[in-house]
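Okay, so the sequence shown: first residue is -17 according to my numbering, each after it adds one. Written below as structure tokens is the structure these notes are about.
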Amino acid sequence: IEELAGLIQTSGERTMNLLMSLLEWARSQTGRVKFEPKMISVDKIVKESTDALKDVATHKSITVSSKTHAGDMIFVDKDMTSTILRNLISNAIKFTGVGGKVNISAEKGNDHILFKVKDSGVGIEKENMERLFHIDESFSQPGTLNEKGTGLGLLICKEFIEKNSGHIWVESERGNGSTFSFT
């Protein structure tokens, strides 16, 4: 019964994540996402995003740490920024094996904050990195415990980052983890 309950929970979470991704993407494509930038605390939004994914990380015995500077503020849409961080952290957990690490950092630049989500996971092959942020190149692969994805998360991230006047890029090497950075 316990095993079946776990499978039902996993299936329900996957379905919910898929529906949320589809809803966010559909809303962004139809212009129904309100862009409401305001000053927010960087360390608070990073903490909220990591806290939301604690259970998933714990399930895989993954250590999630963050390094931010108290008092750093940023002028962005809070909901969009939360969605970006949750998507990137969730992906990092998905592609990191049991016992791995995920580090989130935020560093203040001249006119921006540079966020980095770095994992000790499986990494991405060079030819696949070029496909990540293009809707016409639908790309998704299973996680380290066969977690499924939709391929929409990074598209949503890119769109939301650009709406907030930022940029996103990835550095990765197969077998050596990935670092997703955005401003």
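Built from N, CA and C at the ideal position, the CB exists for glycine as well.
Residue i Cβ short of 6 angstroms to the ligand FAD heavy atom set
i     : result
Ile66 : As for the ligand FAD, it is missing from this structure, which has no ligand bound.
Residues bridged to residue i (per DSSP)
i      : result
Met55  : Ser23
Glu153 : Thr161
Ser31  : None, per the DSSP bridge assignment.
Val46  : Val84
Same chain, Cβ closer than 6 angstroms to residue i, neighbours up to 5 away in sequence not counted
i      : result
Asp93  : none
Arg9   : Val15
Ser47  : Asn85
Thr165 : His94, Leu96, Gly148, His149
Leu67  : Ser31
Phe162 : Leu70, Val99, Val152
Ile89  : Before going further, note that residue 89 is Glu rather than Ile in the sequence given. Here the set comprises Leu96.
Glu129 : Lys76
Asn110 : none
Arg156 : Gly105, Glu107
CB of residue i within 7 angstroms of CB of residue j, strictly
i      : j      : result
Thr63  : Ile27  : yes
Ile71  : Ser31  : yes
Gly53  : Thr126 : no
Asn69  : Gly135 : yes
Lys140 : Phe17  : no
Asp25  : Thr50  : yes
Met55  : Met21  : yes
7 angstroms CB neighbourhood of residue i in its chain, flanking five on each side removed
i      : result
Asn158 : Gly105
Cβ shell of residue i (< 8 angstroms), same chain only, five flanking positions each side left out
i      : result
Ser160 : Ala74, Phe77, Lys100, Asp101, Gly103, Gly105, Ile106, Val152, Glu153, Ser154
Leu35  : Val46, Arg68, Ile71, Ser72, Ile75
Pro19  : Phe57, Val58, Asp59, Asn146
Closer than 7 angstroms to chain C by CB, residue i
i      : result
Thr165 : The chain labelled as chain C is not found in the depicted structure, where only one protein chain is given.
Does the contact criterion of 3 or more C-beta pairs under 8 angstroms hold for the region 99 to 111 versus the region 56 to 63? Contact between the region 99 to 111 and the region 56 to 63 is absent, because fewer than three Cβ pairs lie under 8 angstroms.
Counting beta carbon pairs with one atom in the region 34 to 43 and one in the region 72 to 84, are three or more of them shorter than 8 angstroms? Contact holds: three or more Cβ-Cβ distances are below 8 angstroms.
Spell out a yes or no on whether the region 75 to 94 and the region 108 to 115 are touching, meaning 3 or more CB-CB pairs, one atom from each, closer than 8 angstroms. no
Which runs of the alpha helix (DSSP H) fall wholly inside the region 64 to 140 and span at least 4 residues, in chain order? Qualifying alpha helix (DSSP H) stretches, in chain order: 108 to 111.
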